[in-house]
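K.L.:
Under the numbering used here, the first residue of the sequence shown is numbered 3, with each subsequent residue one higher. All residues carry an ideal CB built from backbone N, CA and C; glycine is no exception. All figures in this text were calculated on a predicted structure; none of them were measured in a lab.
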Amino acid sequence: MRYFLILCTALLALSGCTNRSTWRSADGAVWATTYHITYLADRELHDSIIAVMARVEESLSPFENESLISKINRGETDVADSMLATVFSRASEISEASGGLFDPTVAPAVNLWRFGYRDSGREPMDAEIDSVRALVGIGDCALIGGRIVKKSPATEFDFSAITKGFGCDEVGRMLERNGCKNYMVEIGGEIALRGSNRHGENWRIMVDAPVENDSAVVHERLTVVALTDCGIATSGNYRNYRDTDRGRIGHTINPLTCHPVKSRTLSATVTAPDAMTADALATACMAMDVDKAMEMIERREATAAMIVVADSLGGMQVRVTSRFPEL
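(1) By the three-class DSSP mapping on this structure, what secondary structure does VAL310 have?
(2) For THR40, is the beta carbon positioned less than 7 Å from some heavy atom of the ligand SAM?
(3) Nearest-angstrom Cα distance between ARG149 and ALA87?
(4) Specify the secondary structure class of HIS253 as computed by DSSP and reduced to three states.
(5) Which stretch, first to last residue, makes up the beta strand (DSSP E) that contains ARG175?
(6) In whole angstroms, give me the CA-to-CA distance for PHE117 and ARG26.
(7) For my contact list, GLU192 and ALA277 are in at a C-beta cut-off of 8 Å; report their separation, rounded to the angstrom.
(8) CB SER237 to CB ALA274, shorter than 8 Å?
(9) Taking the straight line between their C-alpha atoms, what separation do you get for ASP105 and THR157?
(10) Just reading off the beta strand (DSSP E) that HIS38 is part of, what are its end residues?
(11) Can you tell me whether DSSP reads GLU98 as helix, strand or coil?
(12) What number of angstroms, rounded off, separates the C-alpha of PHE159 from the C-alpha of LEU177?
(13) What's the gap between the Cα of ALA218 and the Cα of ILE146?
(14) Quick one: measure Cβ to Cβ for ASN184 and GLY197, integer angstroms, because I've assumed they're closer than 8 Å.
(15) If you drop the 5 nearest sequence neighbours on each side, which residues of the same chain put their C-beta closer than 7 Å to that of SER91?
(16) Please report the straight-line C-alpha distance between SER72 and ARG321, rounded to a whole angstrom.
(17) Return the first residue and the last residue of the alpha helix (DSSP H) that CYS287 is part of.
(18) Given this structure, state the Cα-to-Cα distance separating LEU103 from PRO64, to the nearest angstrom.
(19) Out of SER61, THR271, VAL263, which one is the CA nearest neighbour of VAL226?
(20) Sorted by chain position, which residues of the same chain lie with C-beta nearer than 8 Å to GLY233's C-beta, five sequence neighbours on each side aside?
(21) Between which two residues does the beta strand (DSSP E) holding ALA28 run?
(22) Evaluate contact between the stretch 72-82 and the stretch 46-54, counting only Cβ atoms and requiring at least three cross-stretch pairs below 8 Å.
(23) Decide yes or no for the touch test of the stretch 295-304 against the stretch 198-214: beta carbon pairs closer than 8 Å, at least 3 of them.
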């Protein structure tokens, strides 16, 4: 028995030595985009990462027919889970802060303009646009006792402009529950950061210049920022646009008019305490007048923005709020 105990002790000690924290990575595809995750941990957590992203999709993806949000859109249920309740509350708050220019209930208009989860295969008629405007307005919806109350039975939600950021935060929270204090979670360009990188420094994040290309992702550096313990997100129309009889249109739809936004703003990069908030604010900035967007960001604590606008000569002008960190 004594020798057996000695052997067990030796095996446990060996196991402890092999479970040292090391830098690990997880890469793959999800939600029609890619993810890249780097984290310091004593074990591989890729299966848990995939499981978290699957739960987010089952709750919030309007592209999944059996997701919770799809069932709510069809009127089959009105009961929100904790994920939907969290995202709904933050989306409502940012909609108010932006004067209604961030609004997930713009979903029917996004679909009409063929950038959503349903594609009619043709450009919308003015009468159709006028019709869906009556359905839009998250301020006329509510979350009461865990139930979603719609403005209209035909009102639909598309939280895509906040879900990727929320997904980053959810993966980050899972990593923290498993003892990770240093990580970078990036899903489709939205990023959640904690702790330090493998060099013991703040994470260095490259912000892409708004280079137009609707068939490939072009990474041309605009700047690099050093960040930690926050979220960062960039929104722009330079990768998701279409040429039509009405001219070139981007995927950002104005919830107040239900028409594509016409603006000099090319891209908006926002840092915030969490990636969910950064994601939504970046989208809001794209729909807003640049001066009002800058004012909105300046009013929020621990939040900053870099907004790129087209100048009159066909070039770009970069505007930053007072707290935006740049190397």
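P.N.:
For this structure:
(1) Three-state result, VAL310: strand.
(2) Among the components of this structure there are no ligands whatsoever, and the ligand SAM is therefore not found.
(3) Straight through space, the alpha carbons of ALA87 and ARG149 are spaced by roughly 9 Å.
(4) Looking at HIS253 - three-state DSSP - the assignment turns out to be coil, as it is neither helix nor strand.
(5) Careful: ARG175 lies outside any beta strand (DSSP E), inside the alpha helix (DSSP H) at 162-179.
(6) When rounded, the distance between both Cα atoms is 35 Å.
(7) With 8 Å as the limit, GLU192 and ALA277 qualify as a contact, their Cβ atoms being about 5 Å apart.
(8) No, Cβ-Cβ distance for SER237 and ALA274 is not below 8 Å.
(9) One C-alpha to the other measures close to 12 Å.
(10) Segment 35-43, the beta strand (DSSP E) holding HIS38.
(11) It is helical.
(12) Whole-angstrom Cα-Cα distance: 29 Å.
(13) A caution first: ALA218 carries a pLDDT of 48, below 50, which makes its placement in the model unreliable, though a value can still be read off. Cα-Cα distance, rounded: 43 Å.
(14) With 8 Å as the limit, ASN184 and GLY197 qualify as a contact, their Cβ atoms being about 3 Å apart.
(15) Its chain contains LEU145 as the residues whose beta carbon lies nearer than 7 Å to that of SER91, once the 5 sequence neighbours on both sides are disregarded; these appear in chain order.
(16) Looking at the two C-alpha atoms, the distance is approximately 38 Å.
(17) Its alpha helix (DSSP H) spans residues 277-289.
(18) LEU103 and PRO64: Cα-Cα distance of roughly 20 Å.
(19) Comparing alpha-carbon positions, the option among SER61, THR271, VAL263 lying closest to VAL226 turns out to be THR271.
(20) Excluding residues within five positions, the ones whose Cβ falls inside 8 Å are GLY167, CYS170, ASP171, GLU192, ILE193, ALA194, LEU195, THR273, ALA274, PRO275, ASP276, ALA277, MET278, THR279, ALA280, ASP281.
(21) Counting along the chain, the beta strand (DSSP E) containing ALA28 begins and ends at 24-32.
(22) In short, these stretches do not touch, since the Cβ pair count stays below three.
(23) Too few Cβ pairs lie closer than 8 Å, so no.
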